[in-house]
Amino acid sequence: MVKRMRLIARLWSGIIAAICLFILFGYNGNFFASGQPDPYAVGNYPPIENIPPFFNLLSAFLLVIAWKWEYLGGIVTILIQLCLIPVYLIHWPLTENILYLIVPYGLSLFFIIPAVLFILCGRHSKRQLR
Numbered sequence: 000m001v002k003r004m005r006l007i008a009r010l011w012s013g014i015i016a017a018i019c020l021f022i023l024f025g026y027n028g029n030f031f032a033s034g035q036p037d038p039y040a041v042g043n044y045p046p047i048e049n050i051p052p053f054f055n056l057l058s059a060f061l062l063v064i065a066w067k068w069e070y071l072g073g074i075v076t077i078l079i080q081l082c083l084i085p086v087y088l089i090h091w092p093l094t095e096n097i098l099y100l101i102v103p104y105g106l107s108l109f110f111i112i113p114a115v116l117f118i119l120c121g122r123h124s125k126r127q128l129r
């Protein structure tokens, strides 16, 4: 049971890490290729919009770290995702179109589920050592 749960958590976190790497390379691809930032990017956007992508990238990195240290990586990933909820509530309040808000709020669940699986595997491993 724990091996299966660990496998699911590792596959899920691997998919998250791969997607985040593709997004990171996509954002920076034009800059590396031409030395210029994206000419089609919108200017004058609020700096608070930089926080969710950075925290999600950090969460993906921590999920990869959770392959080695399950409990630590899972706990810190959940804490980072919980820190994102106030940012979402400030910038994208729930009074707006709810269908539009499925992505930012649902993305946190996409990161939290494998983190919880890693925590459960880590707790089981600690019990086995005792």
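Everything in the sequence shown is counted per numbering that gives the first Met the number 0, starting at 0 for the first residue and increasing by one. All C-beta atoms in this analysis are idealised placements derived from N, C-alpha and C, irrespective of residue type, glycine included. The structure displayed is predicted, hence computed values, not measured ones.
Jot down the residue ranges of each uninterrupted alpha helix (DSSP H) in the segment 28–83, minimum 4 residues, whole runs only, in chain order. 50–64
Roughly how far, in whole angstroms, is the beta-carbon of I64 from the beta-carbon of A114, given that I think they are within contact range, below 8 Å? For the purposes of this step, residue 64 is identified with residue 65 of the sequence shown, where counting begins at 1. For the purposes of this step, residue 114 is identified with residue 115 of the sequence shown, where counting begins at 1. I64 to A114, Cβ: 11 Å. No contact.
When you compare only the Cα positions, how much space is there between V138 and F109? Any property of residue 138 remains undetermined from this structure, which presents the chain solely from 0 to 129.
Let's see if you can read the secondary structure: which residues bound the alpha helix (DSSP H) around Y104? Reading the sequence shown from its first residue, position 105 is the one you call residue 104. Y104 -> alpha helix (DSSP H) spans 101–128.
Candidates L128, P46, S33, F60: closest to R9 by CA position: Start at 1 with the first residue of the sequence shown, and residue 9 comes out as number 10. The residue among L128, P46, S33, F60 with its C-alpha nearest the C-alpha of R9 is F60.
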